[in-house]
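**Student:** Below is a structure I'd like to ask you about.
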Amino acid sequence: MTDPKHPGDPEARDAQGRAQHPETADPIPGAPPASAPPVATPPDPRPASASPGQGGPEDATAAPEGIRLGDDLGHVDPARTQPAGAGQPILRVEDLKVAFDVMPRGAWPWTKPNQLHAVGGVSFDLAPGECLGVVGESGSGKSTLARAIVGTVPSTGGKILFDGQDLASMSPRERRVHRRDVQMVFQDPLAALNPRMTVGDIIAEPLRTHRPDIGRTEVRRRVAELMERVGLLPNLANRYPHEFSGGQCQRIGIARALILRPKLLICDEPVSALDVSVQAQVVNLLKELQRDMGISMVFIAHDLSVVKHISDRIVVMYLGRLMETAASRTITRSPQHPYTQALIASVPIPDPKLERARERPVLEGELPSPLSPPSGCVFRTRCPKAHDDCAKGPPAVQDLGNGHLVACPYYKEPSVLDRATEGVV
Amino acid sequence: MATQTAEADLGQQPVKGRSLWADARTRFFRNKAAVAGLVALILICLFAFFGEFLAQYERAYVDFSLMGRNAVNGVPSIETGHYFGTDESGRDLYARTVQGTRISLLVGLVGAGVAVIVGTLYGAIAGYMGGKTDNIMMRTVDILMSVPYMFVLILMLVIFGRSITMLFIGIGLISWLDMSRIARGQTLSIKNKEFVEAAVATGVRPFTIILRHIVPNLAGLVIVYSTLLVPQMIITESFISFLGLGVQEPSTSLGALISAGAGQMRYGVLWQLLYPLFFFVVTLFAFFFVGDGLRDALDPKDR
């Protein structure tokens, strides 16, 4: 990982400013305040402990969006950001395949089920502390990819190497131990919280599961600390999920995912169910937590403008395959794969004049059924550059250097999509 | 600065949340019919369990002077102490109604209790596990359901002798089948919710997930169904007793009393039918009203 973009980064600012998001600089009034002074300075077993001067009231007011920095969660464990084997990825996905059995309508119990290939051979690396964005339209297998990595959906092929160990080949019992290091934030904030449990119990559940040795008071203290960290008032711990707004529910979901201090956080469209103004808050919160806690992150969204704001690198998926992988700036500035170009062409420009004057090349047709994907390159049925031999075999992946991979041998050919990025970046 | 301290104070006080249960309770108590049903039910329970202390006669005491003359001398009256009159054998109907109500309530509650505990867990496990386990468990239920239970119950009572225990076992054996199907169906929809997936992703064990995440979310449905199941059980027991196979003398149940009363109707002793029937009908109505109220209170869709 080289230099991830931070909120101060001009590019990120540009993205924010242009999109007319009112936050980043000024929090929206009425956002859940967390400006209360810290409950107590907790004893921290780790050497990088909070010094008593930090986390005071001045700090609290200065922190953007009411998120207080400087308590012990804010400190980066050096061992976590730079593991012994530096340069070794924390997550390596090799040729991951996920297929579901689908029974044809009116089938007998003994008929062979059809295979739905949700993810068909995806490979990527994730460096420690890096944020990888995953984009693609609905049905492209993004969420299935996330679920396969987290382990709520069984993979049918390939490897998921986490810290060098293959999660895919583990028994459920072995894998349960590793689940504490990989946590997930869900798309629908309210559905992801058990309506019959209090928020405090929900956040504490991972802790109760993996650390039964921790006492009740300590659990409550950690929950309060983390609630404050994600911008919720700790005294709301006895409330129930339906008493919170969508953005607050997502903060609860984030707190639950972070209480075990995972090494990897998978965010499955964490903001697509939220209000636009709240989206920005949650994205900024995730970005900040990721930076402060040194977590690696996989961020899934169908909205390219959200993904490019938070990710260091972006992979573009279509029908369960990777189309293009590159640094997020490269993807948005000079996309090479025709599908990426089409995706970028679909991002609206928040300037009515420019938007009206814009020639917008739109992809023809529908996403093919994953039950019978097209042979060869899956994108060929909608690709303006399609050649006859695209149907023959999977497209050769072209390495353009700097980790920019394009799964299209004809990416250099001109097409209508070349003007897609005009005005967007 | 003052506002800041106020805010800090506010931040220190833990806020009590309103759970879905608390919400449902408020809604339930706003429903007048349901509250009336609940009050009636409480009164009937008090009558069934403490009415004995008001009785002037033992329920098995036979007043030979009244035997065969109850249409004239066994009329309900406060003075003689036979509040509800006597039956054809000269036994005090009040004491017998108290006992009959108690037996009927117990049968209903035990049947519903077995249904709730066994049925819910069975259905939740089958639904959550899915696949082969689900298939085997639910096919077993199908097979048990296809057995004509009334026939089996009657056979059991004939072979093993008529006793309350046998009645409880018989009713308990059949009552959970419907419940397990309902619980399984609901589990299938709950287990695809994201909060269950979140628990799986966290590494919570399957049985803990069932107890912590599935069952509490089934509870609303189960409670409603069980309040409607209690009267069903009471009716089943009454039917068995009406056939003369239920509770054995000198014990009695509402069904047996109604059966006896119906037999004596022609001899001008209508009270012998009406008193037990009154308690029977009121109990059933009370349960139905409470069940309806609970359904409205617990089902968020009908708000």
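These protein sequence lines map, in sequence, to chains A and B.
Numbering follows UniProt numbering, with no gaps: position 367 of the first sequence is 367.
Numbering follows UniProt numbering, with no gaps: position 77 of the second sequence is 77.
Glycine is no exception: its CB is placed at the ideal position from the N, C-alpha and C atoms.
1) Reducing DSSP to helix, strand and coil, say where A:Ala84 ends up.
2) Under a CB-based cut-off of 8 Å, is A:Pro206 close to chain B?
3) Kindly list the residues whose CB is nearer than 7 Å to the CB of A:His210, restricted to its own chain and excluding five residues on each side of it in sequence; keep chain order.
4) My output table needs one value for A:Glu324: the three-state DSSP class, helix, strand or coil.
5) Excluding sequence positions up to five away, which residues of its chain have a Cβ less than 8 Å from the Cβ of A:Ala84?
6) Is it buried or exposed for A:Gly278, if we count other Cβ within 10 angstroms and need 16 for buried?
7) Between which residues of its own chain and A:Glu269 is the CB-CB distance below 6 Å, once the five residues before and five after are set aside?
8) Given a threshold of 16 other Cβ atoms within 10 Å of its Cβ, counted over all protein chains shown, does B:Val217 qualify as buried or as exposed?
9) Given a limit of 7 Å on CB to CB distance, which residues of the stretch 185-198 of chain A reach chain B?
10) Give me the Cα-Cα distance between B:Met145 and A:Pro241, rounded to the nearest whole angstrom.
11) Taking B:Ala183 as part of the alpha helix (DSSP H), name the residues at either end of that continuous run.
12) Is there a C-beta anywhere in chain B that falls below 8 Å from the one on A:Val282?
13) Beta carbons nearer than 9 Å to chain A: which residues of the stretch 175-205 of chain B have them?
14) Could you give the distance in angstroms between the alpha-carbon of B:Ile235 and the alpha-carbon of B:Gly255?
15) Which residues in the same chain have their Cβ closer than 6 Å to the Cβ of B:Val230, if we skip the five residues on either side of it in sequence?
16) Between the stretch 236-252 of chain A and the stretch 279-289 of chain A, do at least 3 Cβ pairs fall closer than 8 Å?
17) State yes or no: is the C-beta of B:Ala124 within less than 8 Å of the C-beta of B:Asp134?
18) Alpha helix (DSSP H) containing B:Ala198: first to last residue?
19) If you measure between the beta carbons of residue 460 of chain A and A:His117, is that distance less than 8 Å?
20) Please work out which residues of its chain come closer than 6 Å, Cβ to Cβ, to B:Trp176, disregarding the five sequence neighbours upstream and downstream, and give them in chain order.
21) Distance, Cα to Cα, B:His82 vs B:Leu274?
22) Could you give the distance in angstroms between the alpha-carbon of A:Leu264 and the alpha-carbon of A:Phe162?
23) Could you tell me which chain A residues have their CB closer than 9 Å to the CB of B:Leu20, listed as they occur along the chain?
24) Compute the Euclidean distance between the alpha carbons of B:Arg184 and B:Tyr128, then round it to the nearest angstrom.
25) Does the distance from the C-beta atom of A:Ser328 to that of A:Asp312 stay below 8 Å?
26) Quick one: Cα of A:Val306 to Cα of B:Ala33, how far?
27) Within a Cβ cutoff of 6 Å, which residues of the same chain sit near A:Ala204, ignoring the five residues on either side of it in sequence?
28) Taking the DSSP output, what are the residues bridged to A:Leu132?
29) Can you give me the Cβ contacts of B:Ala297 inside the same chain, cut-off strictly under 6 Å, excluding the 5 residues immediately before and after it?
30) Mind pulling the chain A residues with CB within less than 7 Å of B:Pro216?
31) Taking Cβ-Cβ distances below 9 Å as the criterion, which residues of the stretch 120-139 of chain A are in contact with chain B?
32) Could you spell out the range, first to last residue, of the alpha helix (DSSP H) harbouring B:Met137?
33) Counting along the chain, where does the alpha helix (DSSP H) carrying A:His210 start and finish?
34) Any beta carbon of chain A sitting closer than 8 Å to that of B:Lys132?
35) Establish whether the CB of A:Arg176 and some CB of chain B are separated by less than 8 Å.
36) Measuring CB to CB, does A:Leu286 end up less than 8 Å from A:Ile310?
**Tutor:** So, to answer that:
1) Since pLDDT at A:Ala84 reaches only 40, below the 50 mark, its modelled position is unreliable, and the value read off the structure follows with that caveat. Looking at A:Ala84 - three-state DSSP - the assignment turns out to be coil, as it is neither helix nor strand.
2) Chain B contact via Cβ: present.
3) Excluding residues up to 5 positions away in sequence, Arg180 and Leu260 lie with their Cβ nearer than 7 Å to the Cβ of A:His210 in the same chain.
4) A:Glu324 sits in a strand when the DSSP states are folded into three classes.
5) The predicted position of A:Ala84 is uncertain, since its pLDDT is 40 and thus under 50; a value taken from the coordinates is nonetheless stated next. Excluding sequence neighbours, A:Ala84 sits near nothing in its chain.
6) The sequence as given places Val at residue 278 of chain A; Gly does not occur at that position. When all chains shown are included, A:Val278 counts as buried.
7) Leaving aside the five residues that flank A:Glu269 on each side, the residues in its chain whose CB is nearer than 6 Å to its CB run, in chain order, Gln187, Ile300 and Ala301.
8) The question names Val, but residue 217 of chain B is Asn in the sequence shown. Around the beta carbon of B:Asn217, a 10 Å sphere encloses 16 or more other beta carbons of the protein chains shown; the residue is thus reported as buried.
9) Listed in chain order, the positions of the stretch 185-198 of chain A with a beta carbon within less than 7 Å of a beta carbon of chain B are Phe186, Asp188, Ala191, Ala192, Leu193, Asn194, Pro195, Arg196 and Thr198.
10) Between the C-alpha atoms of B:Met145 and A:Pro241 there is a straight-line separation of about 39 Å.
11) Ile164 to Ile190 is the span of the alpha helix (DSSP H), which, as asked, contains B:Ala183.
12) For A:Val282, the answer is no, since every Cβ of chain B falls outside 8 Å of its Cβ.
13) The stretch 175-205 of chain B vs chain A, Cβ under 9 Å: Lys193, Glu194, Phe195, Val196, Glu197, Ala198, Ala199, Val200, Ala201, Thr202, Gly203, Val204 and Arg205.
14) It is roughly 8 Å from the alpha-carbon of B:Ile235 to the alpha-carbon of B:Gly255.
15) If we look at B:Val230 and ignore the five residues flanking it on each side, its Cβ neighbours are Gly108, Ala112 and Phe287.
16) With the cut-off at 8 Å, the stretch 236-252 of chain A and the stretch 279-289 of chain A touch.
17) Taking 8 Å as the Cβ cut-off, B:Ala124 and B:Asp134 do not qualify as a contacting pair.
18) Taken as a continuous stretch (DSSP letters only), the alpha helix (DSSP H) holding B:Ala198 covers Glu194 to Thr202.
19) Limits of chain A in this structure are 1 at one end and 425 at the other, which puts residue 460 of chain A out of reach.
20) So the qualifying residues of the chain are Val114, Ala115, Val118 and Gly119.
21) One C-alpha to the other measures close to 15 Å.
22) Rounded to the nearest angstrom, the gap between the Cα atoms of A:Leu264 and A:Phe162 is 9 Å.
23) The contacting residues are Pro195, Arg196, Tyr240 and His242.
24) Across the structure, B:Arg184 and B:Tyr128 are spaced so that their CA atoms are roughly 8 Å apart.
25) Going by C-beta atoms, A:Ser328 is nearer than 8 Å to A:Asp312.
26) Looking at the two C-alpha atoms, the distance is approximately 53 Å.
27) Val219 and Val223.
28) Paired residue(s): A:Val298 and A:Arg313.
29) Close CB contacts of B:Ala297 within its chain, under the 6 Å cut and outside five residues either way in sequence, are with Ala24, Arg27 and Phe28 (chain order).
30) In chain order: Arg196.
31) Contacts with chain B (Cβ-Cβ distance below 9 Å) from the stretch 120-139 of chain A involve no residue at all.
32) From DSSP, the alpha helix (DSSP H) with B:Met137 extends over Gly131 to Ser146.
33) Secondary structure note for A:His210: its alpha helix (DSSP H) is the uninterrupted segment Val199 to His210.
34) For B:Lys132, the nearest beta carbon of chain A is not closer than 8 Å to its own beta carbon.
35) For A:Arg176, the answer is yes, since a Cβ of chain B falls inside 8 Å of its Cβ.
36) Contact flag set, yes.
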